[in-house]
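One structure is given below, encoded as structure tokens.
2 protein chains.
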Amino acid sequence: MEAFRELCDLLGQADDLRRAADLLEWDQETYMPGGATRARARQVATLRGLAHDHFTSERVGRFLEVLRGEELNPLASDLVRVASRDYARACRIPSRLVQELAAAASRAKDTWQRARQTNDFNLFAPHLERIVDLNIEKAEALGYDVCCYDALLDEFEPGMRTAEVARLFAALKVELVPMVRAITACESPPYAFLHEQYERAGQWEFGMHVLRAVGYDFMRGRQDESAHPFSTTFSISDVRITTRLSEHNVASALFSTLHEAGHALYEQGMDLDLENTPLAEGTSLGMHESQSRLWENQVGRSRPFWVHFYPILQEHFPSQLGAIDLDTFHRAINRVAPSFIRVEADELTYNLHIMLRFELEQLMVERKASVGDLPALWDARMEEYLGVCPPTAAQGILQDIHWALGAIGYFPTYALGNLMSAQVYACARRDLPQLDRCMADGDFADLRTWLRLHIHRHGRRRSAAAILAGLDGGALAAEPWLALMREKYGSLYGIQL
Amino acid sequence: MEAFRELCDLLGQADDLRRAADLLEWDQETYMPGGATRARARQVATLRGLAHDHFTSERVGRFLEVLRGEELNPLASDLVRVASRDYARACRIPSRLVQELAAAASRAKDTWQRARQTNDFNLFAPHLERIVDLNIEKAEALGYDVCCYDALLDEFEPGMRTAEVARLFAALKVELVPMVRAITACESPPYAFLHEQYERAGQWEFGMHVLRAVGYDFMRGRQDESAHPFSTTFSISDVRITTRLSEHNVASALFSTLHEAGHALYEQGMDLDLENTPLAEGTSLGMHESQSRLWENQVGRSRPFWVHFYPILQEHFPSQLGAIDLDTFHRAINRVAPSFIRVEADELTYNLHIMLRFELEQLMVERKASVGDLPALWDARMEEYLGVCPPTAAQGILQDIHWALGAIGYFPTYALGNLMSAQVYACARRDLPQLDRCMADGDFADLRTWLRLHIHRHGRRRSAAAILAGLDGGALAAEPWLALMREKYGSLYGIQL
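Residue numbers (this note's numbering), protein chains in the order written: chain D, 157 to 653; chain W, 157 to 653.
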């Protein structure tokens, strides 16, 4: 076991470096003074580079090779397996390419911001071209069986393949597009009251109350404000979230808080013996997103949840909500309306935004569309899927930061997470028949424990597919999510879906 | 210049690692959730260890050797000189000893906290013995001409020698002890009003106002609360301070804010071309402390300063201070009274606390006193220098964390800083005859610029001795500080000193 201990020390150092870089970034988004941007960028780059060098060192490779041939206990064996996968991946990408991607992303990010401000896609286009080229080069370096996009997708959703995503999305689309049309034809529920003026202090207080109730552990985490909500992990004992308070949109902070809490509960729920190893992470981005969506949508947009919390929210905002009854509120926070911006989309139309991006990404990396074709493709598919066409590039193709950061193959995990959340939630309801009643009492202990037991505590020891199989809920499919949507929105809008 | 650029890259990486460790520690003292202590200790240790490894790598040594033989521009030449000194020092201490000291300090710190809580010096004694032993070993490894303590002192106050400190302190003591006696014989000015209830929010606001007025740059820094006030630097563009608000002691936060601002102005004032190099630090702890003390005592406890700020403070706290006039307030914040605790000591008695520690440290590392003898020696010297004897070990020998952290040779720099502050301030007044008038108008720009020009901007390019010589204020001496004290306290207490 000497080799295993030495391996753990080396991997632990790489992990400490990476987590320190994460703290540098958290600090940048929350408390860092504005003048420090340049120095901070250098510090983050240094630490990320050193973390990569440490992880891909020859010594790590040698220990992994030795240990793969040995009898190990189950935890050690999982660690060697997962670390070997990461190691092989990391070593396949030449350092030069890592640096070129980082440099291209850094330039692209700056330009993207200016392009978005000025609604000028042409400004961003050459940067996107460069990022597509480098991603194709990366995919070739990584290798793949069927298509280039497989290699990219695999980074974010290990084991998932492009064809499988395409199959799932096709099954979704065929039902979802008419479903959204049918709902859009109905009269909109009243929702203007969500956009009155809501004092920020009250929103913060209510959010903190909800966080405590769902079981986010403040001894091992904290919430702060930032321009874009996110969650980040420095250790299993230090998982932080941020939120954004909007004075004229009470739903925004509320659901972002629940969303980030879902991510954080995953990370806080890992077994402590995974600490400081490559196993102490979500098993895939899709599974991670399933946890945030489960708390945001399945729990947070349910009627039982608000049976408990709505009176408390009303107490915080009597003048805005005193005259609004529970059902009206519940309908308003579940209003479906096609819109331009992904992050503001409702639960139902959200996946259509993702499909569009998935399709465009494939066209780009398979050289079936040039970057110059994208704006027209974007607008045409928005029209086709959602029946709306963004008036500006900023509200269309320039809205997301992901491509500017160099990430292609990331978007599909959002929709996969939505599908998983429905599948996982259906299994939880099966195992916890009292769940709705507990939620109406503000008691989330059973659900949290169930999630921890089946998903959180394993970290990366079990793949997303193995977790779903273990729940006996079948392989990942579109139908459970569609069934949930049909039931929920059929009832909310009083129509047959 | 290829070698110089490569050296800068390597030193820059070591610097980035160290600053990241500093951020991990800042976060621990300000925002980190309580449950994360253990993981954070590991992360800090990893980053400090890697920073040390990077700095002492053979490549750094080779580049330094090559560059010492080359013609360099003045900045590069200073950098190579300072880095060579650090490198030689760091390489002389074996890694094993670094680790043993860190481990001993980690254990000692925990035990020291318990020992202080239970007033039990015997609990701490074996840890202190170990730390003394390791410090002696370190001094032997570093080497010295005259005495072991020289090697330790040199880490904190480069170029300073034990005999010189002893000479300065002897000159101080002979005047200071009777001076304190004479003042203690006088009637105490009224000061109870400083200890009424002062709302924390008002204290915070006033502190922020003062920080802006003295020119602390919030674009390149911020203030937070912590259990013990400190300042810390992540880059020249990110120098942060903390303060502690005490509801029943309005002077505490106020002077700690000014103290830390003094440290921070030094770091914010460095030339930007020193960024990410070993030159971007205070040239010695004594010089650093001179800056904090200058703003805390020479400026902050002066009458002109309060001519401007007292009406503002009164506005914040009308019920507590409305009936107290400026002179009464000024006398209260300058009240001299022997006390047990160093960090609460007034300007005049403070140096006596330091002398006592300096003498005890020397006795320990020269094996002239055993750790078991220390409590009795402490009490006897408190009686001799200050005329008071601490009733408990917690108020005596167990009060400071420094020894528990493994630092011996650090304490004298506090008193050296006090002496330097008087000498520097005398030169500033000579060069800025309008200084008192400016302060009374709340204008500190000239003083700040003067300090920046003569001290701050140079970082470690000039030694403390060279800075003092450059000011044409003579070598470091006790007399300028004593003269200032005689003048100030003679006038405040209406006696001849």
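A virtual CB, placed ideally from N, CA and C, is assigned to each residue, including glycine.
If contact means a Cβ-Cβ distance below 7 Å, which residues of the stretch 171-191 of chain W contact chain D?
D172, R175, A176, L179, L180, D183, Y187, M188, P189, G190, G191
Report the option in D:V492, D:H283, D:D481 whose CA atom is closest to the CA atom of D:D266.
D:H283
Provide the residue(s) that pair with D:I397 in DSSP beta bridges, ordered along the chain.
D:Q379, D:S387
Using the three-state DSSP reduction, which class does W:E431 fall into: helix, strand or coil?
coil
Output yes if chain W places a C-beta closer than 9 Å to the C-beta of D:G266; else output no.
Just to set this straight, residue 266 of chain D is Asp in the shown sequence, not Gly. No - not a single Cβ of chain W is within 9 Å of the one on D:D266.
Any chance the stretch 521-536 of chain D sits against the stretch 550-559 of chain D, with 3 or more Cβ pairs inside 8 Å?
yes
Find the nearest neighbour of W:D165 within the set D:D171, D:A201, D:P189, judged by alpha-carbon distance.
D:A201
If we ignore side chains and look at the alpha-carbon of each, how far apart do D:E320 and D:G630 end up?
15 Å
W:A195 versus chain D: which residues are under 8 Å apart at the beta carbon?
F390, S391, I392, S393, D394, E431, N432
Residues of chain W with CB under 9 Å from D:M375, in chain order?
Neighbours of D:M375 on chain W, chain order: P189, G190, G191, A192.
Only counting the same chain, and skipping five residues up and downstream in sequence, which positions put a Cβ closer than 8 Å to that of D:I287?
L257, A260, A261, A264, W559, A560, G562, I564
Tell me whether W:N229 is buried or exposed, calling it buried when 16 or more other Cβ atoms sit within 10 Å of its Cβ.
exposed
Given W:C583, which residues of its chain have a CB within under 6 Å of its CB, disregarding the five upstream and five downstream residues?
L627, G629
Within 10 angstroms of its Cβ, does W:A357 collect 16 or more other Cβ (buried), or is it exposed?
exposed
Would you mind telling me which residues of chain D sit closer than 8 Å to W:L206, beta carbon to beta carbon, in chain order?
Simply Q169, L173, L206.
Excluding the 5 residues preceding and the 5 following D:E331 in the sequence, name in chain order all residues of the same chain whose CB lies nearer than 7 Å to its CB.
Only L638 meet the Cβ criterion.
Is the number of C-beta pairs between the stretch 375-390 of chain D and the stretch 174-191 of chain D that are closer than 8 Å three or more?
yes
Apart from the five residues just before and just after D:G646, which ones in its own chain have a Cβ nearer than 7 Å to its Cβ?
Here the set comprises Q652, L653.
Starting from the Cα of D:R376, find the closest Cα among D:R368, D:S382, D:A383 and give me that residue.
D:R368
Could you tell me whether the Cβ atoms of W:R378 and W:I397 are closer together than 9 Å?
yes
For the stretch 251-264 of chain D, list every residue whose C-beta sits within 7 Å of some C-beta in chain W, in sequence order.
For the stretch 251-264 of chain D, no residue has a beta-carbon sitting nearer than 7 Å to a beta-carbon of chain W.
For D:Q476, collect the residues of the same chain with a Cβ closer than 8 Å to its Cβ; drop the 5 residues on either side in sequence, then sort them by chain order.
The answer, listed in chain order, is F349, E352, Q353, Y354, V406.
Regarding D:F386 and the ligand PLP, is the C-beta to nearest heavy atom distance less than 8 Å?
Of the ligands one can find in the structure shown there are none, so the ligand PLP has no counterpart to examine.
Determine the chain D residues that contact W:T212 at a beta-carbon separation under 9 Å, and present them in chain order.
Result: empty, since nearest Cβ-Cβ is about 16 Å, beyond 9 Å.
Would you give the residue range spanned by the alpha helix (DSSP H) that W:D127 belongs to?
There is simply no residue 127 of chain W to check, as chain W begins at 157 and stops at 653 in what is shown.
Tell me whether D:V544 sits in a helix, a strand or coil according to DSSP, three-state version.
coil
Quick check on W:L203 - is its C-beta less than 9 Å from some C-beta in chain C?
The structure shown contains no chain C; its protein chains are D and W.
Grab me the residues of D:A327's own chain with a C-beta within less than 7 Å of its C-beta, minus the 5 sequence neighbours each way, in chain order.
Contacts found: A634.
Could you spell out where the alpha helix (DSSP H) holding W:A584 opens and where it closes?
568-587
What residue does the alpha helix (DSSP H) around D:S402 start on, and which one ends it?
It is not in any alpha helix (DSSP H) - D:S402 carries neither H nor E in the DSSP assignment.
Would you kindly work out how many angstroms separate the C-alpha atoms of D:L223 and W:I249, rounded to a whole number?
One C-alpha to the other measures close to 35 Å.
Can a CB atom of chain W be found closer than 9 Å to the CB of D:R198?
yes
Is W:E503 helix, strand or coil when you go by DSSP?
coil
Between D:G573 and D:E416, is the Cβ-Cβ spacing less than 9 Å?
no
Closest to W:L231 by C-alpha separation, out of W:L430, W:G456, W:R161, would be which residue?
Taking W:L231 as reference, the option from W:L430, W:G456, W:R161 with the minimal CA-CA separation is W:L430.
Can you pull the chain D residues whose beta carbon is under 9 Å from the beta carbon of W:R378, in chain order?
Y187, M188, P189
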